[in-house]
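**Student:**
There are 2 protein chains.
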Amino acid sequence: MAKYDPDLSLLFHALSDPTRRAMLERLARGPAAVTELAGPTGLRLPTVLRHLSVLEEAGLITSAKDGRVRSCALVPQALVPMTDWLEGQRALWEARLDRLDDYVTRLMKERER
Amino acid sequence: MAKYDPDLSLLFHALSDPTRRAMLERLARGPAAVTELAGPTGLRLPTVLRHLSVLEEAGLITSAKDGRVRSCALVPQALVPMTDWLEGQRALWEARLDRLDDYVTRLMKERER
DNA sequence: GTGATAGTTAGAGGAATGGCTAAGTATGAT
DNA sequence: ATCATACTTAGCCATTCCTCTAACTATCAC
């Protein structure tokens, strides 16, 4: 089992860091240069660059250099594999929740007698 | 910025490992004991236990001991914070995609003249 | 109580992560 | 040509992660 899906792992890992999520939230308002993304984080540039490369390797952002400025932007479709997986799970999990409800309900009815 | 939301970080981190995702997928088919979860992974028990505790600390599963067997089960609502965040982002990202489309369309119309 | 079963705890080791400084390169402005 | 800006690269350090072995505890079955 557990044939590993590098895509999902990279994606979930990329989102597991609050700094990176904050960067994505900033980028949701439009493309931005590296320095601009660094600003609110309080982190040094090399550190920020590492975070950006994690995001880029996960396919969540693209970046291109224009003159001496590197501009970063979201890759909108990038969330799809994750939302698909979560959606699939949610469906199954809720089915289980229903069965649990049934079970509890049945238990309580037993008690009432 | 980046006021950190430990919840989301724990959740995304928990899902970033293929072994843990496989365990969740197994649990989606119903509760299971530790040894049963360990089986398909090929990992040693202490390793499996560590994965389970990551899942449990993220709030994705619960476990309870009955006799000498520990039974693990999903916590169905646990995915909600993640899907909420992703849904919020998706909305913003797609808005950006629309604007990009607009932009490209406009560019192409300019070219046509 | 003996032995097998199902976890559990403690600890070690190597790789990956997240942060830094220091020193580089490339480009725009004067 | 000089200087400031905007990254970029290289390397260090502490911590966390994933996995293991070895030894332990707690049931259950005889």
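Same order as they appear, the protein sequences are chains L and Z. For the first sequence, position 95 (counting from the first letter as 1) is numbered 95 according to this note's numbering, and the numbering increases by one without interruption. For the second sequence, position 51 (counting from the first letter as 1) is numbered 51 according to this note's numbering, and the numbering increases by one without interruption. Backbone N, C-alpha and C define an ideal beta-carbon position, used for all residues, glycine too.
By DSSP, does V75 (chain Z) sit in helix, in strand, or in coil?
**Tutor:** V75 (chain Z): coil per DSSP, three-state reduction.
**Student:** When burial is assigned at 16 or more other CB atoms within 10 Å of the CB, is R21 (chain Z) buried or exposed?
**Tutor:** Buried: at least 16 other Cβ atoms inside 10 Å.
**Student:** Along the chain, where does the alpha helix (DSSP H) that runs through A38 (chain L) open and close?
**Tutor:** Here the alpha helix (DSSP H) through A38 (chain L) covers 34-38.
**Student:** Between A58 (chain Z) and L10 (chain Z), is the Cβ-Cβ spacing less than 8 angstroms?
**Tutor:** Yes, Cβ-Cβ distance for A58 (chain Z) and L10 (chain Z) is below 8 angstroms.
**Student:** Taking E87 (chain Z) as the reference, which of L:W93, L:V80, L:G88, L:A64 has the closest Cα?
**Tutor:** If we check each option's Cα against that of E87 (chain Z), L:V80 comes out closest.
**Student:** What does H51 (chain L) reach in chain Z if we use C-beta pairs closer than 7 angstroms?
**Tutor:** Those do not exist, as H51 (chain L) stays about 10 angstroms from chain Z at its closest Cβ, beyond 7 angstroms.
**Student:** Got a sec? Which residues, its chain only, sit under 8 angstroms from A64 (chain Z) by beta carbon, not counting five neighbours each side?
**Tutor:** Cβ neighbours of A64 (chain Z) beyond the five flanking positions: R70, S71.
**Student:** Would you tell me roughly how many angstroms separate the C-alpha atoms of L60 (chain Z) and L15 (chain Z), rounded to the nearest one?
**Tutor:** L60 (chain Z) and L15 (chain Z): Cα-Cα distance of roughly 10 angstroms.
**Student:** Could you tell me whether the Cβ of R106 (chain L) comes closer than 8 angstroms to any Cβ of chain Z?
**Tutor:** Residue placement at R106 (chain L) is flagged as unreliable, the pLDDT there being 48, under the threshold of 50; a coordinate-derived value is accordingly withheld.
**Student:** Rounded to the nearest angstrom, what separates D66 (chain L) and L8 (chain L) at their Cα positions?
**Tutor:** Straight-line Cα distance between these residues: approximately 31 angstroms.
**Student:** Taking Cβ positions only, does A38 (chain Z) come closer than 8 angstroms to chain L?
**Tutor:** Not an interface residue.
**Student:** By Cβ distance below 7 angstroms, which residues in the same chain neighbour A2 (chain L) in space, the five residues on each side in sequence not counted?
**Tutor:** Residue confidence for A2 (chain L) is low, a pLDDT of 43 falling below 50, so the modelled location carries little weight; the figure read from the coordinates is stated next. If we look at A2 (chain L) and ignore the five residues flanking it on each side, it has no Cβ neighbours.
**Student:** Between T83 (chain L) and chain Z, is there a C-beta pair that is closer than 8 angstroms?
**Tutor:** Cβ-Cβ to chain Z under 8 angstroms: yes for T83 (chain L).
**Student:** With a threshold of 16 other CB atoms inside 10 Å of the CB of T19 (chain Z), please say whether the residue is buried or exposed.
**Tutor:** Buried: at least 16 other Cβ atoms inside 10 Å.
**Student:** Does the CB of R70 (chain L) have a neighbour CB from chain Z at under 8 angstroms?
**Tutor:** Cβ-Cβ to chain Z under 8 angstroms: no for R70 (chain L).
**Student:** Applying the criterion that 16 or more other CB atoms from any shown protein chain within 10 Å of the CB defines a buried residue, is A91 (chain Z) buried or exposed?
**Tutor:** Looking at its Cβ environment, which holds fewer than 16 other Cβ atoms inside 10 Å, A91 (chain Z) is exposed.
**Student:** What distance in whole Å lies between the Cβ atoms of H51 (chain Z) and M82 (chain Z), which are believed to be in contact at a cut-off of 8 angstroms?
**Tutor:** Their Cβ separation, rounded to whole angstroms, is 18 angstroms, which puts M82 (chain Z) and H51 (chain Z) out of contact at 8 angstroms.
**Student:** Applying the criterion that 16 or more other CB atoms from any shown protein chain within 10 Å of the CB defines a buried residue, is R106 (chain L) buried or exposed?
**Tutor:** Low per-residue confidence applies at R106 (chain L): pLDDT is 48, beneath 50, and the placement is therefore not dependable enough to give any value.
**Student:** Could you tell me whether any Cβ in chain L is nearer than 8 angstroms to the Cβ of D7 (chain Z)?
**Tutor:** No, because no Cβ of chain L sits closer than 8 angstroms to the Cβ of D7 (chain Z).
**Student:** Find the nearest neighbour of R68 (chain L) within the set L:D84, L:V34, L:V75, judged by alpha-carbon distance.
**Tutor:** Measuring from the Cα of R68 (chain L), the nearest candidate turns out to be L:V34.
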